[in-house]
Amino acid sequence: MDAENLLLSLELASGSGQGLSPDRRASLLTSLLLVKRDYRYDRVLFWGRILGLVADYYIAQGLSEDQLAPRKTLYSLNCVEWSLLPPATEEMMAQTSVVKGRFMGDPSHEYEHTELQKINEGGKVFEEEVVVQIKEETRLVSIIDQIDKAVAIIPRGALFKTPFGPIHVNRTFEGLSLSEAKKLSSYFHFREPVQLKNKTLLEKADLDPSLDFMDSLEHDIPKGSWSIQMERGNALVVLRSLLWPGLTFFHAPRTKNYGYIYVGTGEKNIDLPFML
């Protein structure tokens, strides 16, 4: 959700219980504006909160003028002081994939994982147990990246692609119509497209290249991983992810108000395919 409309966005998302205390809201309003100024971001999004056993991580993201350029991610434990996280790498993903359970809420906390490594000595190969230390900050980077790629979403038309390539905020976007807002096909993954590249020319024939340049939610696997509901007498559409419980997207049809927030433990629902 955009930091500039934070109070309204939190109010619209509050039906899912994603609230913040008044002092946290006040701290966020001030500190995120300072983050935008100091880091010179085009936009700052309040991404959400990952719940820890000792403390919670508050997450924000900075966007450049090209909206699909890699986002900069920051975290805070008190909503006042923000620390920049490094970009996610394949090595981080592989390293943290073995860590399970809740976050502690301490960036310096180290998880211990025992793995077998092959050691070659004098022409003989044997396996030895090695204890690997994994920092919680590395796990935080990995989980945020996974959630972004899987369930960060945006309504169709909110961004547009220029003929020269960069993606910009569509200032003429006035919201989806009520009928369109009820369809999963009206929402896109807020990332570089993956499935779109595999579509045939015939499938792309009806697409508008300036608007339909991201992957639609209607083809997400497993099918049924999104819950879509109308609230407040059809004045608000709410999408909730069943794959990453805690992710809520909201949009008030025929208005510019939309956004998403994640409030959860950072754990994926790996049992979802068996539950559908």
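In terms of our numbering, the sequence shown has 558 at position 241, counting the first letter as 1, and numbering is strictly consecutive.
Glycine included, every Cβ here is placed at the ideal spot set by N, Cα and C.
Practice task
Specify, as a first and last residue, the run of the beta strand (DSSP E) that residue 547 falls within.
Solution key: 543-548
Practice task
Just confirm the distance between the C-beta atoms of residue 362 and residue 380, as a whole number of angstroms; I'd bet it's less than 8 Å.
Solution key: 7 Å
Exercise for the section: Kindly indicate the opening and closing residues of the alpha helix (DSSP H) around residue 459. Expected result: 453-468
Practice task
Return helix, strand or coil for residue 326, following the three-state DSSP convention.
Solution key: helix
Problem - When 417, 360, 372 and 414 are compared against residue 390, the one with the closest alpha-carbon - result: 360
Practice task
Let me know the secondary structure DSSP gives residue 353 once reduced to three states.
Solution key: helix
Handout entry: 8 Å Cβ cutoff met for residue 513 and residue 532
Key = yes
Practice task
In angstroms with no decimal places, state the Cα-to-Cα distance between residue 479 and residue 446.
Solution key: 54 Å
Practice task
Could you check the C-alpha separation between residue 516 and residue 505 for me, to the nearest Å?
Solution key: 15 Å
Handout entry: Alpha-carbon spacing of residue 406 relative to residue 550, whole angstroms
Key = 44 Å
Practice task
Would you mind sorting residue 502 into buried or exposed? The rule is 16 or more other CB atoms within 10 Å of its CB.
Solution key: exposed
Handout entry: Alpha-carbon to alpha-carbon, residue 331 and residue 574
Key = 14 Å
Problem - Residues near residue 416 in its chain [Cβ-Cβ closer than 8 Å; skip 5 each side] - result: 428, 430, 451 and 456
Exercise for the section: Please state whether DSSP places residue 319 in a helix, a strand or coil. Expected result: strand
Practice task
Let me know if residue 347 comes out buried or exposed under the rule of 16 or more other beta-carbons within 10 Å of its beta-carbon.
Solution key: exposed
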